[in-house]
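FYI, the numbering for the sequence shown is -18 to -1, 1 to 507, going by mature numbering (1 follows the signal peptide of the UniProt record, and there is no 0). Okay, so here's the structure we're looking at.
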Amino acid sequence: MASHLFLILAFWSLFVSPIVINGYSPKEIIQMCSKTPNPKPCEYFFTNNPNYGPIDNDQDFLKASLKLALDKAMQADQTAKSLGSKCHNKLETAAWDDCLKLYDYTIKRINKTVDPSKKCSQLETQTWLSTALTNLETCRMGFIELGVGNNVLPLMDNNVSYLISNSLAMNKGNLTYKPTYKGKFPTWVSPGDRKLLQASSPGAGANVVVAQDGSGNYKTVAAAVAAAKSGSGRFVIYVKAGTYNENVVISASNIMLVGDGIGKTVITGSRSVDGGSTTFNSATVDGSRVQESYGTTVEGDAFIGRGITFRNTAGGQNHQAVALRSGSDLSVFYQCSFEGYQDTLYVHSERQFYRDCDIYGTVDFIFGNAAVVLQNCNIRPRKPPNGTNTITAQGRTDPNQNTGIVIHNSRISPASELASVQGSVKTYLGRPWKQYSRTIIMKTAIDGFVRPEGWMPWSGNFALDTLFYAEYANTGAGASTANRVTWKGYRVFTSATQASPFTVGNFIAGNSWLPGTNVPFTAGL
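Shown next, in the form of structure tokens:
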């Protein structure tokens, strides 16, 4: 009888009290999810996945959201791997192959935000979530730019992007990082690395030497990079003067690539989108964590490049052709040159710093979605094939990504081939590649060849209200803001307080990691 009564009471309790999931009722889940940019996926997955531990406060909700995003990313990765047989041609296979690498990298980045052993800061969480979202957008764009977006792409899971976007919104706040120092260097820089980074000779302390004449350990850069292994200590590759026509992928962490100077040590390639590569996979040098590329790619964390020219010789007629792509967190390029036409320097993701560098190009030749500062650099538009230059094309897709392109204390002037015909060429500071494109130019000398309106639309009114473009204290004949665009998203900073969030010290937390590179930098304005 007692057992029968208990069943009756249990049955009626379903109607008089709400079901509680992880400490919250469905009503409370709806209330929490309503504060996110994408409430419907949030409600659905939390209601149907009661395995993320108790949720007693906002911080618990964030942790559960990160775990949920990681689980769904892993599921989406498995789905993507199963779609290879549905690729109809080489172009579709190329885009699909990029996606596999990008999903793998996305999983690793989200995993770092939930791994208790990492003890990542709020800023690091925001950076790695921003990268994860950028990776998924890069995957999508690969199909679109190759014109093969109608078959495999619709079968891929979009929910991961929504869940990452929600986590970004929840984590957003006072994104700061407090460094610790022993003198000039942060505490995590070993005594051996300090001596190495302070060395004046390019090859001093090098682990291996690359020389075309056989006088080093290797004759190619790629062979030397293949011999390097990730570790806590710096692995230095000294590349002697010469022109190295090869494709280089740097996936190990703590690699330092040192040359004999701009124009002396040159790494060059000629891959392009018109040649069948995605933009992501067209780089001459690739510094990301993926294992294959065309050109140079840098993705291993804490990369340093010094005294090297990175070049793509595909030419303006072949459209997107990247000289260097970097997805390396806490990476530095010092006294380097990047030479190409369209899409020369792909600052794909993570935190990056460029100092005393030269960048040459025509269309969108500084682009991507890293949190990046270019300081004391020479930006040199070239003669374009179609009569129009756009210097930047920033790719922020979410308002909570802590990303953007900052050009500080630099010089924007025409390359020699453009100088004689600059009157017939329209040159703009940039255009919005994505919905929340963010670019700031401050204390920079801008020559008079830049159009008075300064900025160019991407297509119609796209992103003109949601972009974030700003100028502050620039000089030169092209710096006047009197006739600049009047878009809602454009603004002129009139005080140091407005510009301060975009300094090296604040925007990329440079004081916490740049001293360890022995590269000069200005932390403030």
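Quick reminder that beta carbons are idealized off the backbone N, C-alpha and C, glycines included.
What span of residues does the alpha helix (DSSP H) with residue i cover, start to end?
i: Leu73; result: Lys72 to Val96
i: Met123; result: Gln104 to Glu127
i: Lys9; result: Pro8 to Cys15
i: Gly487; result: Val486 to Phe489
i: Lys63; result: Asp40 to Lys63
i: Tyr144; result: Asn141 to Asn153
i: Lys22; result: Pro21 to Asn30
i: Ala208; result: Val203 to Ala209
Going by Cα to Cα distance, which pick from the options is closest to residue i?
i: Ala352; options: Tyr336, Gly309 and Thr344; result: Gly309
i: Tyr454; options: Leu446, Arg466 and Asp447; result: Arg466
i: Asp59; options: Leu82, Leu507 and Ser233; result: Leu82
i: Ala491; options: Gln104, Ser16 and Trp78; result: Gln104
i: Ile387; options: Ser406, Gln417, Gly297 and Phe489; result: Phe489
i: Leu449; options: Lys211, Thr370, Asp380 and Cys15; result: Asp380
i: Val407; options: Pro439, Asn371 and Gln383; result: Asn371
i: Phe503; options: Asp338, Lys17 and Gly369; result: Asp338
i: Arg364; options: Ala234, Asn133 and Gly297; result: Gly297
i: Gly458; options: Phe475, Ala210 and Asn391; result: Asn391
i: Arg473; options: Asp447, Asn71, Gly498 and Asn493; result: Asp447
i: Ile232; options: Thr409, Gln334, Arg307 and Tyr323; result: Arg307
i: Pro23; options: Tyr144, Lys9 and Thr116; result: Tyr144
i: Lys63; options: Asp86, His70 and Leu400; result: Asp86
Are the beta-carbon atoms of residue i and residue j separated by less than 7 Å?
i: Asn189; j: Val207; result: no
i: Asp80; j: Phe262; result: yes
i: Val130; j: Leu65; result: no
i: Ile286; j: Thr109; result: no
i: Lys154; j: Asn382; result: yes
How would you write the range of the beta strand (DSSP E) that residue i sits in, first residue to last?
i: Asp346; result: Val345 to Gly350
i: Gly281; result: First, the amino acid is wrong: residue 281 is Glu here, not Gly. Counting along the chain, the beta strand (DSSP E) containing Glu281 begins and ends at Thr278 to Glu281.
i: Ile387; result: Gly386 to His390
i: Glu228; result: That residue, Glu228, is in no beta strand (DSSP E); it is neither H nor E in DSSP.
Would you report the Cα separation of residue i and residue j, rounded to the nearest angstrom?
i: Tyr451; j: Gln302; result: 24 Å
i: Gly436; j: Asn199; result: 49 Å
i: Ala114; j: Cys102; result: 15 Å
i: Leu44; j: Gln299; result: 47 Å
i: Ile423; j: Phe431; result: 16 Å
i: Thr468; j: Asn93; result: 42 Å
i: Phe356; j: Ile12; result: Before going further, note that residue 356 is Leu rather than Phe in the sequence given. Leu356 and Ile12: Cα-Cα distance of roughly 43 Å.
i: Thr485; j: Tyr328; result: 21 Å
i: Asp429; j: Pro414; result: 22 Å
i: Ile(-11); j: Ser149; result: Residue confidence for Ile(-11) is low, a pLDDT of 37 falling below 50, so the modelled location carries little weight; the figure read from the coordinates is stated next. Answer to the nearest angstrom: the Cα atoms are 41 Å apart.
i: Asp53; j: Val96; result: 11 Å
i: Ala205; j: Val221; result: 12 Å
i: Arg271; j: Leu496; result: Interpretation of Arg271 is limited by its pLDDT of 38, a score under 50 that renders its predicted location unreliable; the figure taken from the coordinates is listed afterwards. Going from the Cα of Arg271 to the Cα of Leu496 covers about 21 Å.
i: residue 516; j: Lys49; result: Nothing in the structure corresponds to residue 516, since the chain is present only between -18 and 507.
i: Glu74; j: Glu119; result: 16 Å
i: Glu25; j: Gly442; result: 35 Å
i: Gly187; j: Met238; result: 11 Å
i: Thr426; j: Asn33; result: 52 Å
i: Val142; j: Val345; result: 31 Å
i: Pro434; j: Ala397; result: 19 Å
i: Arg216; j: Thr279; result: 18 Å
i: Ala464; j: Gln57; result: 52 Å
Touching or not, the region 368 to 378 and the region 338 to 349, by the rule of three or more beta carbon pairs under 8 Å?
Judged by Cβ distances under 8 Å, the region 368 to 378 makes contact with the region 338 to 349, as three or more pairs qualify.
So, does the region 35 to 43 touch the region 124 to 140, judging by three or more C-beta pairs under 8 Å?
Taking a contact to require three or more Cβ pairs closer than 8 Å, the region 35 to 43 and the region 124 to 140 do not qualify as touching.
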